[in-house]
Amino acid sequence: MSDWTTIQKLLVAIPALPLVATMVTALLGPRYLRGKSHLPIVFGLVISCVLSLELLRQLNRAIENHETGIGYETTVDLWTWASVPEAYDGSGSRKTIGDSTGRLITDVHDASDSSGPFHIAVTLRADGLTCIMLAMVTLVALLIAIYAVGYMHQDRGCWRFFTYIGLFVFSMTMLVSASNFVLLYVFWEAVGLCSYLLIGFWYEKREAAAAGTKAFLVNRVGDFGFALALFFIWTVYGTLNFHDTQNAPGVLGQERLSSMQQEFGRPGESGEGHPRGAQDQDVRTGYVGGGIGLAICLLLMLGACGKSAQFPLHVWLPDAMEGPTPVSALIHAATMVTAGVYMVARCTPLFAVDCAPYLDPRAVVATIGGLSALIAGIIAMTQNDLKRVLAYSTISQLGYMFLALGTGSLVGIIAGMFHLFTHAFFKSLLFLGAGSVMHAMGGVIDMRKFGGLRRLMPMTFWTFLAGALALSGIWPLAGFFSKDAILAAAYDVGHGEAAYASLFLWLTYAAFLTAFLTALYTFRAFYMTFFGAEEIPAEAGHHARESRPIMTVPLVILALGALAVGWIFGQPGATKSGFAGVAASTPSLAVMVHPGYRALDTAAERKSAAERKSAAEKKSAAEKGSVAEKGLHQDSHRRVAIISLVLAVLGIGIAGFLYLGDAREVRAIIQWPVMKQLHRISYGKFFFDPVYWILVVLPGLALASICYAFDRWLIDGLVNTIGRIPSGIGRLFRNMQCGMLQTYALWMLLGVLTLLGSAVWHMW
Amino acid sequence: MHGSMLGPEQLLLIAIGLPLFGAALIVVHCRPDGRLFARQSALVTAILTLLAAGWLLVQFSNHGTEPFAATDLDWFSDPSGIHIRFAVALDGLSAWLFGLSALLVVTCVLVSWEAIQDRAPSFYAMLLLLETGLLGVFAARDIILFYIFFEFTLIPLFFLIGIWGSEQRRYAAIKFFIFTLIGSLLTLLGLLVLIIWNSQHPAPGRPAELTFSIPDLTASLQAAAAAGDGIPVAVQIWIFGALFAGFAIKVPLFPLHTWLPLAHTEAPTAGSVLLAGILLKIGTYGFLRFSIPMLPEATAVLMPTILWLAVAGIIYGAFVALAQSDIKRLIAYSSVSHLGFCMLGLFALNPLAVEGGALQMINHGLSTGGLFACVGMLYERYHTRQIRDYSGMARKLPILAFFLVIFTLSSIGLPGLNGFAGEFLLLVGAFQRAFTHPALDWGWQLKLIAILATLGVVLGAWYMLWLIQRTFFGPLKEPVRDDIKGPVRDLSFREIAALVPLVVLIVWIGIQPQAFLAPMRPALRDTTSMATVAYERGPQLAEVDWNIHP
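Going down the list, the protein sequences come from chains A and B. Under the working numbering, the first residue of the first sequence is numbered 1, with each subsequent residue one higher. Under the working numbering, the first residue of the second sequence is numbered 1001, with each subsequent residue one higher.
See below:
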């Protein structure tokens, strides 16, 4: 421990503090701390947050001093979780992996020796992505924990709440510092558990208990995909370490790094033995493509869809709003739900493989993202529950992030991560604002039941406005920079020469439409809550006033963030140490600026290695330059910025026209035939819940009943029938011993006759 | 303790003998209504046994050479060459199960503390007799000794269910007894055939003797097989079938499971805990100890069939559990599902999967044992097991809710707890086996099995979390019954003490499974290596030559 570097010490301390705080709260909370249960957690988070910022600074310095190799990362090994020697039989897999059909799996480890260990260590790692996520998570968590001190102070389960929050921050910080897929999966489910516990925090409410179970189960469906992806990765690569963990032994795609540093292509790809195999393996990256590569990506994406609430697994997130509002802000808006985005960004090289002749996995990611963004945007238009509007808006914004990741370009992926970062600020701000309203309204969150709160709650009003403007993407607030970068990246691919250009063109249009809808529904909610005649529900009672400073101060800080983070980090001129620079130093992203990386738009080209190398080098140099010098904003994207800004302003204006004052225009519009149908669909949330109920839950329960009937009547019936044979035979003979002399005589006679008969028969 | 003065050999004998001694003490010393003395002496005996077993395990996992703590005494010799020995020892296959048995008996005594009022001395005597049987089964190194201990577990359990069970106890006890007895007789037959075959076809350089020693027999059979003179596959399959009858019923493997829900549900809490925690593992242990190493080729040939039965049990058990309205019965069916996972791991014949399967045997004992203990505590308070009678119990019984949720999370394989470690290893191994197997016609079946088994993890979360949601969450509604005595309180110190050791192990295995895997590894490798090799040669059931040439 003493020979750890500062970065390693920090990396261990950041998750350790919330864990210790959790244990203290859990042990002392119910008896001693009671109403002061927040103290250990808040204290731990303050230190964790400071340490995270320090870690970011240290990392920055390390990146600047670090010139060799691809990207920068450092790991710290804690203990061995499981290590099974000689578990991966490389020779066996070579013999068989290209099986009779010869096309599922290809030979990967032809250079390595025949068997490798299954080695899973609890190893943390720090790199650009990790440090950004750590800083964001601990900062937002700290602010929300402070807010929660005010929000939860009357709840008698206060200690339970802060224990869960501490456990969550521990799990989330571990999730983003994991160095292998198993550890990632462990904390992936651990944050899911915290989400389950916190959604069901008020477990006496039936809806809350049901929503918790639903969230866990929908996530389990996603995790089913994630687990299968892990099994495939192990089967194909023989390791579950991240592909870019260079310090650890047995690294996924290790050949990739060496091959990249030496030469493109690999010797021994004769194409004789398994013709399909040679084609499936991406000769330039060392990663396996083809059917198995696509399967891995799609299964990982299924996992991401569950955690990040993307179509078609988004149904749990709106229900998750049953939990306390700080939880909605922390887990279901700012941090946990972005884990899917983080994971896909982390796995960029896996998604970049050539899966020809199948789909490109990145097109799938982008399509799911674009669809989710649009669908959730449409649903958010008609919801009356303020928190649910925000929940659908979260789904929509996460969709943007996936769209950005799907573009496959470095600019796109960094834009997606940047949106994740800015979104954390303004969306948690909006949720906390909604919580402040809910607190004042005595738990009422239906926007039809209150209105005109701007004078009653001025702090909440102004901070909410900042958040709403940022979400709508108004310059120069946070959302503008990140959303604009995403739109630009998608627009670029759409206007490029990629195989999927037309798809991306449509996705760009969908994203523009979503941008318009975002402004519209955000300001619909804003106007309905804060404008119009002042209206306060009866439940509010004496609560109906501005929240206490302990709640409004975090609001103000987050509002400042929503105002400024985009401007500070997304400006042109951001250098190597800015957001883009730090993110791009992540090894899995840094490979993209390295020659040899296959961008989406060169997919169709099959040039010779030399040509490809020179083209790639030119491209990478250009991209490196553009990212490092201009930040996320490029001149050619001014058009995109203007369109999105106009759409946002238009949305705000139309929302004002419709929802300020009397809403008779709305009533008129939804009488139009098209609008009537749209309204029905939107209000019914595209009918996902009833459809899933009919297609999944009911058949499942029916099958369960059928199985049980089968078990009782058929299997057990059969067993009992067999069991009755001996006693049945017994009963048969018991009847013979009835005690009547005549019957015995008759049996005796029959016996004698039989004996005689058989004797005669034999003598014959 | 005088542990330092005693060698591990003596300690092992003491551990096996102590419960027997305790039982005798209770029977001799106790009036029929002497509940206090009986339970106190039972607790002391169980704790002393646990300390002995724990000390053994610490020594074993630190520097254990196999066989560990071996005692080998001549027991019955016959000039005709029959040597039956009193041979006991521990190795990687049995060590953790041995310790788990000792641990769960302590839990059982504590959960029975107030619940057993009627004829308590007999109850505790039976419990301790059962413990000796269980410890003996796992320690025995001689087939006859194994069989005696094996049957020895049946009788106390038969009475535990039949006397202290609930409404249908007689039916359940008889069904359990007959099922197990028929199976175990066939198993004995199979083992005897193996012994006789071995004596008539000794491996080159080995004496032709009727050896009942498990390690000798294994070594001899494997040597013969390695020399190309093993038992013909067709004969192996017949013998495998005979062994299978007993072990598969014990596991229980679908469709031989119908005794299980009944017995688990009707048994008193202690009986359910031991049934689920240990007795089912005798089946999987039997496969590991006898079937797989002694009949490697039959194992290889029958592997897809058994995997299908295992995965059928996983899915089917989960669905049937989903349909239950009785809490105990739901957990009982979940055992069918979980034991399917164990079997899948053991028979995937892959180093990862086998270790995962062996670990999952321990995991299931801890989590399901804990679940049955929790349900027993609930039943003791409200005298009903119907799900619909309960709602929102977390408000009334928060400590019980805490433990129940932990055991549930362990049972559904939440990462960080033990269930995940086992399930992940065995699924990753099964997957590797399925996708890197010799190119056989039925290769797709293995792939389908691996994927379906993974789906079982989703179903497991469904029925367990739904159970928690219905009984412990929602508005508080306590069952209304006449026979509830006094105000209902949350768990007492005694009840917490019964559950805490299980939770500690659940977390420990979850965060560092390596500490539990490493001691098992050499034995597991030895056990499965022949079968793995046989499997990788790619035999098929359709190609078996059924003509047996004597």
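Cβ atoms here follow ideal geometry from the backbone N, Cα and C, with glycine treated the same way. This structure is a prediction, so every number in the text was calculated from the model and none was measured.
Beta carbon of Val364 (chain A) nearer than 8 angstroms to that of Val344 (chain A): Locating residue 364 (chain A) in the first sequence gives position 364, where the first residue counts as 1. Locating residue 344 (chain A) in the first sequence gives position 344, where the first residue counts as 1. No, the Cβ-Cβ distance between Val364 (chain A) and Val344 (chain A) is not below 8 angstroms.
field: Proximity below 8 angstroms, CB of Leu701 (chain A) to CB of Ala559 (chain A)
entry: Here the question's residue 701 (chain A) lines up with position 701 in the first sequence. Here the question's residue 559 (chain A) lines up with position 559 in the first sequence. Not in contact: Leu701 (chain A) and Ala559 (chain A) (Cβ atoms no closer than 8 angstroms).
CB contact check: Asp716 (chain A) to chain B, cutoff 8 angstroms: Here residue 716 (chain A) refers to the residue found at position 716 when the first sequence is read from its first residue. Yes, Asp716 (chain A) lies at the interface with chain B (some Cβ there is under 8 angstroms from its Cβ).
query: Along chain B, which residues have their Cβ under 8 angstroms away from the Cβ of Trp234 (chain A)?
result: Counting from 1 along the first sequence, the entry for residue 234 (chain A) is found at position 234. Those within 8 angstroms of Trp234 (chain A) in chain B are Val1428, Phe1431 and Gln1432.
task: Please check if any C-beta of chain D sits within less than 8 angstroms of the C-beta of Leu193 (chain A).
output: This model lacks chain D altogether; the protein chains it does include are A and B.
task: Could you tell me the distance, in whole angstroms, from the CA atom of Gln1432 (chain B) to the CA atom of Leu1256 (chain B)?
output: Your numbering for residue 1432 (chain B) matches position 432 in the second sequence. Your numbering for residue 1256 (chain B) matches position 256 in the second sequence. In a straight line, the C-alpha of Gln1432 (chain B) is about 29 angstroms away from that of Leu1256 (chain B).
- prompt: Apart from the five residues on each side of it in sequence, which residues of its chain come closer than 6 angstroms, Cβ to Cβ, to Gly273 (chain A)?
  reply: Numbered from 1 along the first sequence, position 273 holds the residue referred to as residue 273 (chain A). For Gly273 (chain A), the predicted structure reports a pLDDT of 29, less than 50, and the residue's modelled location is therefore unreliable. A value from the coordinates is still provided. Hits under 6 angstroms: none found.
Coarse secondary structure for Phe1402 (chain B), derived from DSSP in three states: For the purposes of this step, residue 1402 (chain B) is taken as residue 402 along the second sequence, with counting starting at 1. It is helical.
- request: Give the residues of chain A in contact with Tyr1316 (chain B), contact being defined as C-beta atoms less than 9 angstroms apart.
  value: The residue given as residue 1316 (chain B) occupies position 316 in the second sequence. Ordered by position in chain A, the residues that pass the 9 angstroms Cβ test against Tyr1316 (chain B) are Cys707, Phe710 and Asp711.
task: State the CB to CB distance for the pair Phe181 (chain A) and Ile146 (chain A), rounded to an integer number of angstroms; the pair is presumed to be in contact (CB under 8 angstroms).
output: On the first sequence, position 181 is the one that residue 181 (chain A) refers to. On the first sequence, position 146 is the one that residue 146 (chain A) refers to. Not quite, the Cβ-Cβ distance comes to about 34 angstroms (not below 8 angstroms), so this is no contact.
query: In terms of alpha-carbon separation, which member of B:Ala1015, B:His1338, B:Thr1299 and B:Leu1309 lies closest to Ala1318 (chain B)?
result: Locating residue 1318 (chain B) in the second sequence gives position 318, counting from the first residue. Nearest C-alpha to Ala1318 (chain B): B:His1338.
Chain B contacts from the region 69 to 86 of chain A (Cβ-Cβ distance under 7 angstroms): Trp79, Thr80, Trp81, Ala82, Ser83, Val84 and Glu86
The region 160 to 186 of chain A: positions lying closer than 8 angstroms to chain B by Cβ: Val182, Tyr185 and Val186
- prompt: Can you tell which of B:Pro1351, B:Pro1501 and B:Gly1456 has its C-alpha closest to the C-alpha of Met1530 (chain B)?
  reply: In the second sequence, counting from the first residue as 1, residue 1530 (chain B) sits at position 530. Met1530 (chain B) has its Cα closest to that of B:Pro1351, out of B:Pro1351, B:Pro1501 and B:Gly1456.
task: Closer than 9 angstroms, Cβ to Cβ, to anything on chain A: give me those residues from the region 1464 to 1476 of chain B, in chain order.
output: Leu1465, Trp1466, Ile1468, Gln1469, Arg1470, Phe1472, Phe1473, Gly1474, Pro1475 and Leu1476
message: Strictly under 8 angstroms for the Cβ-Cβ distance: is Ala227 (chain A) near chain B by that measure?
response: In the first sequence, the residue the question calls residue 227 (chain A) occupies position 227. Judged by the 8 angstroms Cβ criterion, Ala227 (chain A) is in contact with chain B.
query: Are three or more beta carbon pairs between the region 435 to 449 of chain A and the region 490 to 505 of chain A nearer than 8 angstroms?
result: no
message: Quick check on Pro349 (chain A): buried or exposed, where buried means 16 or more other Cβ atoms within 10 Å of its Cβ?
response: For the purposes of this step, residue 349 (chain A) is identified with residue 349 of the first sequence, where counting begins at 1. By the 10 Å Cβ count, Pro349 (chain A) comes out buried.
- prompt: Does any residue of chain B bring its CB to less than 8 angstroms from the CB of Glu797 (chain A)?
  reply: The question about residue 797 (chain A) has no answer here: the residues shown for chain A are numbered 1 through 764.
field: Beta bridge counterpart(s) of Gln1386 (chain B) as assigned by DSSP
entry: Here residue 1386 (chain B) corresponds to residue number 386 of the second sequence, with the count starting at 1. Gln1386 (chain B) pairs with B:Asp1326.
Neighbour-count burial assignment, Met748 (chain A), 16 or more Cβ in a 10 Å radius: In the first sequence, the residue the question calls residue 748 (chain A) occupies position 748. Counting Cβ neighbours within 10 Å, Met748 (chain A) comes out exposed, since fewer than 16 surround it.
query: DSSP puts Asp385 (chain A) in a beta bridge; with which residues?
result: Position 385 of the first sequence, counted from the first residue, corresponds to residue 385 (chain A). Partner(s): A:Asp446.
message: Among the candidates A:Glu189, A:Gly238 and A:Trp202, whose CA atom is the shortest distance from the CA of Val218 (chain A)?
response: The residue you call residue 218 (chain A) lines up with position 218 of the first sequence. Nearest of A:Glu189, A:Gly238 and A:Trp202 to Val218 (chain A), Cα basis: A:Glu189.
field: Pairwise C-alpha distance: Ser1077 (chain B) and Val752 (chain A)
entry: Position 752 of the first sequence, counting from 1, holds the residue named residue 752 (chain A). Position 77 of the second sequence, counting from 1, holds the residue named residue 1077 (chain B). Distance between the alpha carbons of Val752 (chain A) and Ser1077 (chain B) is about 49 angstroms.
- prompt: Name the chain A residues whose beta carbon is nearer than 7 angstroms to that of Trp1462 (chain B)?
  reply: What you label residue 1462 (chain B) is simply residue 462 of the second sequence in a count that begins at 1. The contacting residues are Leu217.
field: Euclidean distance between Cα positions of Ile378 (chain A) and Phe450 (chain A)
entry: Indexing the first sequence from 1 puts residue 378 (chain A) at position 378. Indexing the first sequence from 1 puts residue 450 (chain A) at position 450. Their backbone Cα atoms lie some 23 angstroms apart in a straight line.
field: Within 9 angstroms of chain B by C-beta, residues of the region 202 to 213 of chain A in sequence order
entry: Tyr203, Glu204, Lys205, Arg206, Ala208, Ala209, Ala210, Gly212 and Thr213
task: Could you tell me the distance, in whole angstroms, from the CA atom of Thr1265 (chain B) to the CA atom of Gln1168 (chain B)?
output: Taking the first residue of the second sequence as 1, we reach residue 1265 (chain B) at position 265. Taking the first residue of the second sequence as 1, we reach residue 1168 (chain B) at position 168. Taking the straight line joining both Cα atoms gives about 9 angstroms.
field: Contacts that Ala704 (chain A) makes with chain B (C-beta to C-beta distance below 9 angstroms)
entry: What you label residue 704 (chain A) is simply residue 704 of the first sequence in a count that begins at 1. By Cβ distance, chain B contributes Ala1318, Phe1319, Val1320, Ala1321, Leu1322, Ala1323, Gln1324 and Tyr1463.
message: With a threshold of 8 angstroms between beta carbons, is Pro1522 (chain B) in contact with chain A?
response: Here residue 1522 (chain B) refers to the residue found at position 522 when the second sequence is read from its first residue. No, Pro1522 (chain B) lies away from the interface with chain A (no Cβ there is under 8 angstroms from its Cβ).
Straight-line Cα distance separating Ala648 (chain A) from Ala515 (chain A): One-based indexing of the first sequence puts residue 515 (chain A) at position 515. One-based indexing of the first sequence puts residue 648 (chain A) at position 648. Computed Cα separation, rounded: 6 angstroms.
task: Out of A:Ser547, A:Gly399, A:Thr382 and A:Tyr527, point me to the one whose CA is closest to Ser436 (chain A)'s CA.
output: Stepping through the first sequence from its first residue, residue 436 (chain A) is reached at position 436. The option with the nearest alpha carbon to Ser436 (chain A) is A:Ser547.
Nearest-angstrom Cα separation, counted from Ala1242 (chain B) out to Met740 (chain A): For the purposes of this step, residue 740 (chain A) is taken as residue 740 along the first sequence, with counting starting at 1. For the purposes of this step, residue 1242 (chain B) is taken as residue 242 along the second sequence, with counting starting at 1. The alpha-carbon atoms of Met740 (chain A) and Ala1242 (chain B) are separated by roughly 44 angstroms.
- request: Would you mind telling me which residues of chain A sit closer than 9 angstroms to Gln1512 (chain B), beta carbon to beta carbon, in chain order?
  value: The residue labelled residue 1512 (chain B) in the question sits at position 512 within the second sequence. Going along chain A in sequence order, the residues near Gln1512 (chain B) (Cβ under 9 angstroms) are Trp79, Thr80, Trp81, Ala82 and Val122.
field: Cβ-based contacts, 7 angstroms cut-off: residues of the region 1350 to 1361 of chain B near chain A
entry: Pro1351, Leu1352 and Glu1355
query: Where does Asn65 (chain A) land, buried or exposed, given buried means 16+ other C-beta within 10 angstroms?
result: As a first step, residue 65 (chain A) is located in the first sequence; it is residue number 65 there, counting from the start. Asn65 (chain A) should be labelled exposed.
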